[in-house]
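Asker: In this note's numbering, the protein residues as written are 634 to 918. The beta carbon of each residue, even a glycine, is placed where N, CA and C say it ideally should be. Note that the coordinates shown come from a computational prediction; the quantities given were computed from them, not determined experimentally. Below is a structure I'd like to ask you about.
Encoded structure:
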């Protein structure tokens, strides 16, 4: 059953050095606050998994938390490259980063396989693609019933999955709605799951066909309003487009990036303090 904890305590207890960690969310509900707390606590040697690594992964990689990245697309949405990711891959700064690239369909199916307790995923994919040439984990299997040759990839089973959602009740059940990525599958595939939420309520009042993650499938629930910033949380806050644009020049330069991490993450006690400092800086411009 999920414990209701402070985010600081959840990360301290359930994210260990060397873990495989998936921070999932698609377009909105990206668990930025949890990523910051991982940096703040100096977690290291992590294998990071995410279908679409964006700013929070750029920050984790640049801060030296990551050893490896498993992904299917990476970038600053609507802006351009992740410069800290590129620097780690191309110039090994702040340390070498191993990369394992998949397609979206591949990685989504790998999460499903992990959630199903299966060792690998099977899919129709990669015809005409060069990805199997650079990722030896993409293999083929022959269907024993039809003889069809299919792609096969290892399942993804994170040590820890972290997601952001709109609501939790006091028993630790979680409700999320709007655009969904692979949060449900990533949560069910993981050994441990931390969920940050906009609010904790007495009753979820979940509408029909909404996505509810039961408390027995989760490890910790943390009340972190605005914890998806700069992405949005449908029904709660809007996307901070200015931050995505401002991140590009910050991330391009090692010294500027390091100064930003020192001031806004290491220099704040938690995500609430980070938000206040960031808002004050934006108002001053």
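Specify whether the region 790–804 and the region 650–669 touch according to this definition: at least 3 beta carbon pairs, one from each stretch, less than 8 Å apart.
Answerer: Yes, since at least three Cβ pairs between the region 790–804 and the region 650–669 fall closer than 8 Å, the two stretches touch.
Asker: Do residue 679 and residue 625 have their beta-carbon atoms positioned less than 8 Å apart in this structure?
Answerer: Outside the shown range of the chain (634 to 918) lies residue 625, about which nothing can therefore be said.
Asker: Work out the CA separation of residue 826 and residue 683 for me, nearest whole Å.
Answerer: Position 50 of the chain shown, counted from the first residue, corresponds to residue 683. Position 193 of the chain shown, counted from the first residue, corresponds to residue 826. One C-alpha to the other measures close to 15 Å.
Asker: My output table needs one value for residue 885: the three-state DSSP class, helix, strand or coil.
Answerer: Along the chain shown, read from residue 1 onward, the residue named residue 885 stands at position 252. Correct three-state label for residue 885: helix.
Asker: Roughly how many angstroms lie between the CA atoms of residue 904 and residue 639, to the nearest whole one?
Answerer: In the chain shown, counting from the first residue as 1, residue 904 sits at position 271. In the chain shown, counting from the first residue as 1, residue 639 sits at position 6. Using only the alpha carbons, I get a separation of about 11 Å.
Asker: When the Cα of residue 824 is compared with those of 894, 750, 784 and 773, which residue comes out closest?
Answerer: Position 191 of the chain shown, counted from the first residue, corresponds to residue 824. The candidate whose alpha carbon is nearest that of residue 824 is 750.
Asker: Check the C-beta distance from residue 768 over to residue 756 and give it rounded, since I have them as a contact under 8 Å.
Answerer: For the purposes of this step, residue 768 is identified with residue 135 of the chain shown, where counting begins at 1. For the purposes of this step, residue 756 is identified with residue 123 of the chain shown, where counting begins at 1. Going by Cβ atoms, the distance from residue 768 to residue 756 rounds to 14 Å, so no, they are not a contact pair.
Asker: Please state the DSSP three-state secondary structure of residue 857.
Answerer: Start at 1 with the first residue of the chain shown, and residue 857 comes out as number 224. The answer is coil: DSSP assigns residue 857 none of H, G, I, E or B.
Asker: Nearest to residue 840 by alpha carbon, out of 849, 831 and 807?
Answerer: Here the question's residue 840 lines up with position 207 in the chain shown. Of the candidates 849, 831 and 807, the one whose C-alpha sits nearest the C-alpha of residue 840 is 807.
Asker: Is the closest heavy atom of the ligand SAH to the C-beta of residue 752 under 7 Å?
Answerer: Within the structure as shown, the ligand SAH is missing, as the structure has no ligands at all.
Asker: Based on Cα-Cα distance, which residue from 867, 909, 789 and 775 lies nearest to residue 740?
Answerer: By one-based count along the chain shown, residue 740 stands at place 107. It is 789.
Asker: By how many angstroms is the C-alpha of residue 843 removed from the C-alpha of residue 714?
Answerer: Here the question's residue 714 lines up with position 81 in the chain shown. Here the question's residue 843 lines up with position 210 in the chain shown. Going by the C-alpha atoms only, they are around 34 Å apart.
Asker: Which residues in the same chain as residue 738 place their Cβ atom closer than 7 Å to its Cβ, once the five residues preceding and following it in sequence are excluded?
Answerer: Taking the chain shown and counting its residues from 1, one reaches residue 738 at position 105. Excluding sequence neighbours, residue 738 sits near 756 and 758.
Asker: Buried or exposed, going by whether 16 or more other CB atoms sit within 10 Å of the CB of residue 728?
Answerer: Looking up residue 728 in the chain shown gives position 95. With fewer than 16 Cβ atoms within 10 Å of its Cβ, residue 728 is classed as exposed.
Asker: Could I get the ranges of all uninterrupted alpha helix (DSSP H) runs contained in the region 708–793, with 4 residues as the minimum, in chain order?
Answerer: Runs of the alpha helix (DSSP H) inside the region 708–793: 716–724, 737–748 and 764–767.
Asker: Count the other CB atoms within 10 Å of the CB of residue 771; is the residue buried (16 or more) or exposed (fewer)?
Answerer: For the purposes of this step, residue 771 is taken as residue 138 along the chain shown, with counting starting at 1. So residue 771 counts as buried.
Asker: Given 8 Å as the limit, is there contact between the region 693–709 and the region 855–863, that is, 3 or more CB pairs closer than that?
Answerer: As far as the Cβ criterion goes, the region 693–709 does not touch the region 855–863, which means the pair count is below three.
Asker: In the structure shown, what three-state DSSP assignment does residue 866 receive?
Answerer: On the chain shown, position 233 is the one that residue 866 refers to. Here residue 866 sits in strand by DSSP.
Asker: Is the CB of residue 888 under 8 Å away from at least one CB in chain D?
Answerer: This model lacks chain D altogether; it includes just one protein chain.
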